[in-house]
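Worksheet for the structure shown next.
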Amino acid sequence: MRAFVAAVIGLAAALALVFAITAFGVPEGETSPKPLLTTAPPAPGK
Amino acid sequence: MRRRASLVLLALAVFCAALAPLLRWYAYPRLAKIPPNQYQEMVLEAKDATLLDYTGGMQPKKVDKVTIVQTLKGNVEASKEIEASAGKDVVVWDTLSYIIGPDGKMVSQIPERYIFDAHTQDPVHATGEMVDGDAVKREGIEFKWPFFTEPRDYLYFDAQTRTSSPIHYVGPRRFKGMDVYYFEQTVPWTKVSMPKKMPIEGIDPATIEAATGTTLWYTAKVRFWVDPVTGAPVNAEQDIQQEMRGGIASGGPDGKLTAFAGHVTMREDYSDYTVDLVRANRTKVLALHTYAPAGLATGGLVLLGLALWLEARGRRVRHEQLPQDEVSA
Chain A
7 MRAFVAAVIG LAAALALVFA ITAFGVPEGE TSPKPLLTTA PPAPGK
Chain B
310 MRRRASLVLL ALAVFCAALA PLLRWYAYPR LAKIPPNQYQ EMVLEAKDAT LLDYTGGMQP
370 KKVDKVTIVQ TLKGNVEASK EIEASAGKDV VVWDTLSYII GPDGKMVSQI PERYIFDAHT
430 QDPVHATGEM VDGDAVKREG IEFKWPFFTE PRDYLYFDAQ TRTSSPIHYV GPRRFKGMDV
490 YYFEQTVPWT KVSMPKKMPI EGIDPATIEA ATGTTLWYTA KVRFWVDPVT GAPVNAEQDI
550 QQEMRGGIAS GGPDGKLTAF AGHVTMREDY SDYTVDLVRA NRTKVLALHT YAPAGLATGG
610 LVLLGLALWL EARGRRVRHE QLPQDEVSA
């Protein structure tokens, strides 16, 4: 019986963690304020 | 004490064993997606190219270099609007391909709006989808392949012709230490729309065909080296030829003038930067898709084994202690 309870606790924790992660999801962020470029940057990201 | 430890180990084992498939088949399909706020720039160059001298007699001439600056900007507000009606995660990329001549002046520029499913990269059709201001309805992919790209042909959208045609899988390749898939597409000579912005003095590019009878033709051989995990190209090369035919090009040989001819490649620093970026993203995708589930499954088995071993040992000790207790009683 104790082993069964331990297994259920483990399973519930896994389900809770995965549902929480997926419900929270990946943050969308905001549109970058950087412009569409009309000159070649000297280096990537500069 | 041993019994309690084996129960804790059992709970952890079940936690890991359950988490492994949940991550792989529940979390991964929901979390692996293109972020809607991505901003990326790319510089491509065509060295020793042929370019029509728009301001100096409209004749093709050899130039040291033509530069193409390509910016890609995720429009979060537009993606939220489309998501509300589409009912799925959508990415809206506003892009600009800005072509610069050897004198640093603009040769042409082509803005695009590309709307696609954040998970599958399938195109999503919504108001605003366009190339150079012309409404289009894309089929297939553009810029990027889906996650876990398959070694097969894909339908690839060509912005110049505004049409999609197969891009053929040629085979596996190794590029800067990465195992990638190599794809090729040949676009045959096709009459294309004049870019809305071109430096032709005294002529509005939007009406040049109607006004002068000049048409623009284009052919290209496109090559992509694609990381199969992320679907991101780590290298791209294009052999592009553009010709003006008839009208203002009537004076040229066979009534045509080369507007552009060149072999376009990524600038070396951007190539290195792209490889590093893709390599980092590849690790993140594999962590969620493969490494974490496999590690958790293995960990679950090890913990289960430990739990069983502890439990068996505890029972044996209890069993060995039992006759002694009975004797002493």
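Chains A and B are the protein sequences, given in the same order. Residue numbering for the first sequence follows the numbering used here, beginning at 7 and increasing consecutively. Residue numbering for the second sequence follows the numbering used here, beginning at 310 and increasing consecutively. Glycine residues also receive a C-beta, built at the ideal position from the N, C-alpha and C atoms. Quick caveat: nothing in here was measured; it's all calculated off a predicted structure.
Check the Cβ-Cβ distances between residue i and every residue of chain A, and say whether any is below 8 Å.
i, result
"B/E386", "yes"
"B/F569", "no"
"B/E552", "no"
"B/N590", "no"
"B/F425", "no"
"B/P369", "no"
"B/G604", "no"
"B/E350", "yes"
"B/D443", "no"
"B/T539", "no"
"B/P542", "no"
"B/Y600", "no"
"B/R532", "no"
"B/Y527", "no"
"B/F324", "yes"
Short check: CB of residue i to CB of residue j, under 8 Å?
i, j, result
"B/F492", "B/I517", "no"
"B/P504", "B/D548", "no"
"B/E451", "B/A444", "no"
"B/K382", "B/Y348", "yes"
"B/A327", "A/L17", "yes"
Here's the rule I'm using: 16 or more other beta-carbon atoms within 10 Å means buried, otherwise exposed. How should residue i be labelled?
i, result
"A/T45", "exposed"
"A/F25", "exposed"
"B/S394", "exposed"
"B/W334", "exposed"
"B/E552", "buried"
"B/E577", "exposed"
"B/H628", "exposed"
"B/H434", "exposed"
Would you say residue i reaches chain B, if we count a Cβ-Cβ gap shorter than 8 Å as a contact?
i, result
"A/A13", "yes"
"A/A9", "yes"
"A/A20", "yes"
"A/A26", "no"
Short of 6 Å in beta carbon distance, which residues of its chain neighbour residue i, apart from the five on each side in sequence? Order them along the chain.
i, result
"B/R532", "E493 and E546"
"B/A638", "With a pLDDT of 44 at B/A638, under the threshold of 50, the modelled position of that residue is not reliable, and the figure given next carries that caveat. Closer than 6 Å at Cβ, skipping near neighbours: no residue."
For residue i, tell me which candidate among the options has the shortest Cα-Cα distance.
i, options, result
"B/Y478", "B/R471, B/M487 and B/P460", "B/P460"
"B/K530", "B/E552, B/V543 and B/P497", "B/P497"
"B/K342", "B/A589, B/V400 and B/G604", "B/V400"
"B/K374", "B/G623, B/G413, B/G449 and B/T458", "B/G413"
"B/G410", "B/Y423, B/P455, B/G571 and B/L321", "B/G571"
"B/G486", "B/L597, B/I391, B/P369 and B/W534", "B/W534"
Give me, in chain order, the residues of the same chain whose beta-carbon lies closer than 7 Å to that of residue i; leave out the 5 immediate sequence neighbours on both sides.
i, result
"B/K371", "D357 and T359"
"B/R339", "none"
"B/V636", "The predicted position of B/V636 is uncertain, since its pLDDT is 47 and thus under 50; no value can be drawn from it."
Would you say residue i touches the ligand GDP, meaning its beta carbon is less than 7 Å from a heavy atom?
i, result
"B/T404", "By its list of ligands, the structure shown contains no ligand whatsoever, and the ligand GDP lies outside what it can speak to."
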